[in-house]
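If you read the sequences in order, they're chains U and C.
All residue numbers for the first sequence refer to full-length UniProt numbering, where the first residue is 1 and numbers rise by one.
All residue numbers for the second sequence refer to full-length UniProt numbering, where the first residue is 1 and numbers rise by one.
As structure tokens, the structure follows; a few thoughts come after it.
There are 2 protein chains.
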Amino acid sequence: MSEITIKYLAQKLNLATSTVSRALNDSHEISETTKRKVTELAKALNFQPNAYAKGLRQQKTKTIGIIVPDRVNPFFNLVIEGAESICRANGYSLIAYNSYEDVEQEKKIVYGLLGGKVDAVIMSLADEEKEAQHLEWLRERNIPVIFFDRVAQHLEGFKFTTNDQESSYLGTKHLLEKGCKKVIYLGLSHTSSVGAARREGFIQAHQELGKALDPACLMEMGHNDKENQEILEKMFFKLTRPDGVLAAAEKLGLAAYRALIKTRIKVPDQVRVVSFTNMQMADLLNPPLSTIAQPAFDMGSACALELIKGLKDKKVDLSEEKRIIIPSVFTPRESSR
Amino acid sequence: MSEITIKYLAQKLNLATSTVSRALNDSHEISETTKRKVTELAKALNFQPNAYAKGLRQQKTKTIGIIVPDRVNPFFNLVIEGAESICRANGYSLIAYNSYEDVEQEKKIVYGLLGGKVDAVIMSLADEEKEAQHLEWLRERNIPVIFFDRVAQHLEGFKFTTNDQESSYLGTKHLLEKGCKKVIYLGLSHTSSVGAARREGFIQAHQELGKALDPACLMEMGHNDKENQEILEKMFFKLTRPDGVLAAAEKLGLAAYRALIKTRIKVPDQVRVVSFTNMQMADLLNPPLSTIAQPAFDMGSACALELIKGLKDKKVDLSEEKRIIIPSVFTPRESSR
DNA sequence: TAAAAATTCGGAAACGATTGCACAGGAAAA
DNA sequence: TTTTCCTGTGCAATCGTTTCCGAATTTTTA
Numbered sequence: 001m002s003e004i005t006i007k008y009l010a011q012k013l014n015l016a017t018s019t020v021s022r023a024l025n026d027s028h029e030i031s032e033t034t035k036r037k038v039t040e041l042a043k044a045l046n047f048q049p050n051a052y053a054k055g056l057r058q059q060k061t062k063t064i065g066i067i068v069p070d071r072v073n074p075f076f077n078l079v080i081e082g083a084e085s086i087c088r089a090n091g092y093s094l095i096a097y098n099s100y101e102d103v104e105q106e107k108k109i110v111y112g113l114l115g116g117k118v119d120a121v122i123m124s125l126a127d128e129e130k131e132a133q134h135l136e137w138l139r140e141r142n143i144p145v146i147f148f149d150r151v152a153q154h155l156e157g158f159k160f161t162t163n164d165q166e167s168s169y170l171g172t173k174h175l176l177e178k179g180c181k182k183v184i185y186l187g188l189s190h191t192s193s194v195g196a197a198r199r200e201g202f203i204q205a206h207q208e209l210g211k212a213l214d215p216a217c218l219m220e221m222g223h224n225d226k227e228n229q230e231i232l233e234k235m236f237f238k239l240t241r242p243d244g245v246l247a248a249a250e251k252l253g254l255a256a257y258r259a260l261i262k263t264r265i266k267v268p269d270q271v272r273v274v275s276f277t278n279m280q281m282a283d284l285l286n287p288p289l290s291t292i293a294q295p296a297f298d299m300g301s302a303c304a305l306e307l308i309k310g311l312k313d314k315k316v317d318l319s320e321e322k323r324i325i326i327p328s329v330f331t332p333r334e335s336s337r
Numbered sequence: 001m002s003e004i005t006i007k008y009l010a011q012k013l014n015l016a017t018s019t020v021s022r023a024l025n026d027s028h029e030i031s032e033t034t035k036r037k038v039t040e041l042a043k044a045l046n047f048q049p050n051a052y053a054k055g056l057r058q059q060k061t062k063t064i065g066i067i068v069p070d071r072v073n074p075f076f077n078l079v080i081e082g083a084e085s086i087c088r089a090n091g092y093s094l095i096a097y098n099s100y101e102d103v104e105q106e107k108k109i110v111y112g113l114l115g116g117k118v119d120a121v122i123m124s125l126a127d128e129e130k131e132a133q134h135l136e137w138l139r140e141r142n143i144p145v146i147f148f149d150r151v152a153q154h155l156e157g158f159k160f161t162t163n164d165q166e167s168s169y170l171g172t173k174h175l176l177e178k179g180c181k182k183v184i185y186l187g188l189s190h191t192s193s194v195g196a197a198r199r200e201g202f203i204q205a206h207q208e209l210g211k212a213l214d215p216a217c218l219m220e221m222g223h224n225d226k227e228n229q230e231i232l233e234k235m236f237f238k239l240t241r242p243d244g245v246l247a248a249a250e251k252l253g254l255a256a257y258r259a260l261i262k263t264r265i266k267v268p269d270q271v272r273v274v275s276f277t278n279m280q281m282a283d284l285l286n287p288p289l290s291t292i293a294q295p296a297f298d299m300g301s302a303c304a305l306e307l308i309k310g311l312k313d314k315k316v317d318l319s320e321e322k323r324i325i326i327p328s329v330f331t332p333r334e335s336s337r
């Protein structure tokens, strides 16, 4: 590894390692002249303090971990990006972990983090319902955890979410007002707080507009894209097909689009579509897709900001319950005209 | 941080820390009975060895760093994903850094890495032309570096690329054979090896098919999406507009699509389009986009695999020049019919 | 001018894990 | 019985940094 250490600098300059260390950290008890000598040599030799020695000694690492269920998903990808920008601006590093929607994998990651790799953790859970024992371990080890989107239901803490129910309500209302008689709701998991809220908004819209709602219209899909698409194709093929779709996840919106193309059903003439999604090119789809976009980047930066504030300021208790809501943006386009 | 240490386990069991350490590492010089006792207690208390103490002592961290110019870009995102999957399977962690297409930022990241944060680095450069002094620092500190896509031109090493020239050649030939009279090439930087190769393939196709090529058709675009789109809109508005577009980057393909929609020019009737891209939904665009997809995931996993092999096997010299080519996939769709 | 205080620096002990070496105790060989 | 060897364990050094505690020198104060 690095051969240039503080010890090396010290003997080059005939100083003690403690002096060099203090000089590099701009301590007040070191004279300006020695400070200058030290920093100059350090710069010349491109000295970089060993992160592990530092972390070991100070018991903090200046890094934050973020665990998401699906890194490739543009939503989570943008959250990571937002968090990273704030971390970077504050001298923190960010390590991103992917739980692949799997609680066991998530546990492994969390247990690995127990080894003091990070000072704090930002999480979106693989499953909110499951016991949160692995998360409590983090708390016990004094590693703060805050949540976004899929937040813990059995653990208190800072929780960043978006106005899922309201957004879903608005999207559904939009479809109904455009004249849809039978709108189906495509959800991934109604046990998640996000799924439950979106589902609730969907139902709420029907109630407020006095529209009947067939329970069969609340569809729970799986994580397998191919299967989802086939199920939808079959449904669209029937004469009893719906004339509106509210997709509560990007992958479901895309599956619906593909199924509609396959069955040659016209959007929006025969079926109108609105989808939750963070894709950048909804306007380029065929036809342009009406979207409900979660404030991904902002959510990531808000999480990181609040977390770093909490790490700096001992008065902030990151383990107390606090909910922060950042609104989503509904953009109607051709697909629901 | 973590209060549960080896020392703590040792005194609980009336053993020396060395014994505990050896037991946990499954050393042959520890009896099965003590091993069992130790591992059981460790599991019960959920002991995790301190990563920083371990890293400091062993002078290796079991983590790999990856630096990309634009993490949000699906190509790089997928590369990271591919690399991560291999790392995870081999007990390595992966830390992803974003240089934001900025050499200075890249240098900062690299210098930060000098502090022994990682055992090795996978990189795609912000600028291949610039001096590679910061990369040589890594080599001097015995931190192997390998490259993908945008590889170093002034430094030897393992370099993973795709068949850029051939792919570009095929895409261009396809456009010309479909009857295009005037195809424009949209590139980001002809000084990069990737840009140069794609440009070369474009020219090669014209030569082999005996088509004249106006130098003005080789267009160098910038990184600003809005500006690019405006330039293209102006061009498409003229009567001398091209009837074919080969976009050498996803963002350029999208800019072209947006410009074509804005100017109400029909694809593929008036202008045919082929774009390098890794987006997942090219088939859903309006019209479905003909793509040249780089093998992003495979490239990431190949990098990680080779790197880890090199770290394990001292006989492999990761600093010697070696080029590995993973072919791209051309998928013609409606946009170039 | 002597004492007190401030400034500037060095020595050494941490942080938590690994590892070379020493050393018991028992088994095997002589 | 004595010697040799092996097995299982403990001691202590080490990785590179920070930081507590003094100590030496200079400056200020009485």
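The beta carbon of each residue, even a glycine, is placed where N, CA and C say it ideally should be.
Identity of the residues DSSP links to residue i by a beta bridge
i      : result
C:K322 : C:F158
U:A120 : U:I64
U:S290 : U:V274
C:A247 : C:L186 and C:S275
U:V329 : U:A293
C:L285 : U:L285
C:S93  : C:T63
Short CB-CB distance (under 7 Å) between residue i and chain C
i                      : result
residue 407 of chain U : Because chain U here runs from 1 to 337, residue 407 of chain U falls outside it and cannot be looked at.
U:N50                  : yes
U:N73                  : no
U:N278                 : no
U:I66                  : no
U:N77                  : yes
U:I95                  : yes
Buried or exposed (CB count within 10 angstroms, at least 16 for buried), residue i
i                      : result
U:E128                 : buried
C:D149                 : buried
U:V194                 : buried
C:R337                 : exposed
U:A16                  : exposed
C:N73                  : buried
C:H174                 : buried
C:N14                  : exposed
U:H206                 : buried
C:S31                  : exposed
U:N142                 : exposed
residue 383 of chain C : An answer regarding residue 383 of chain C cannot be provided, because it is not within the stretch 1 to 337 covered by chain C.
residue 351 of chain U : Outside the modelled stretch of chain U, which goes from 1 to 337, sits residue 351 of chain U, for which no answer is possible.
Residue i: first and last residue of the uninterrupted beta strand (DSSP E) it sits in
i      : result
C:S275 : R272 to F276
C:I146 : V145 to F148
C:Y100 : No beta strand (DSSP E) contains C:Y100, which DSSP labels as neither H nor E.
is_contact[residue i, chain U] using C-beta, thresh 7 Å
i      : result
C:M1   : The predicted model places C:M1 with a pLDDT of 43, which falls under 50 and marks its position as unreliable; any figure quoted below should be read in that light. Chain U, which has a Cβ nearer than 7 Å to the Cβ of C:M1, makes this yes.
C:N228 : no
C:E81  : yes
For residue i, the first and last residue of its enclosing alpha helix (DSSP H)
i      : result
C:E106 : V103 to L113
C:V79  : P74 to A89
C:E230 : D225 to F237
C:Y52  : A51 to Q58
U:L218 : Careful: U:L218 lies outside any alpha helix (DSSP H), inside the beta strand (DSSP E) at L218 to E220.
C:Q204 : S193 to E208
U:V151 : It is not in any alpha helix (DSSP H) - U:V151 carries neither H nor E in the DSSP assignment.
U:E140 : Q133 to E140
C:T33  : E32 to A44
C:G171 : D164 to E177
C:Q280 : Neither: C:Q280 is in no alpha helix (DSSP H) and is coded neither H nor E.
Could you please tell me which residues of the segment 282-295 of chain U, in chain order, have their CB closer than 9 Å to any CB of chain C? D283, L284, L285, N286, P287, P288 and L289
Give me the subset of the UniProt domain "HTH lacI-type" (4-58) of chain U whose CB atoms are less than 7 Å from a CB atom of chain C, sorted by chain position. N46, Q48, P49, N50, A51, Y52, A53, G55 and L56
Cβ-based contacts, 9 Å cut-off: residues of the segment 106-125 of chain U near chain C: Y111, G112, L113, L114, G115, G116, K117 and D119
Residues of the segment 233-264 of chain C with Cβ closer than 8 Å to any Cβ of chain U, in chain order: L254, Y257, R258 and I261
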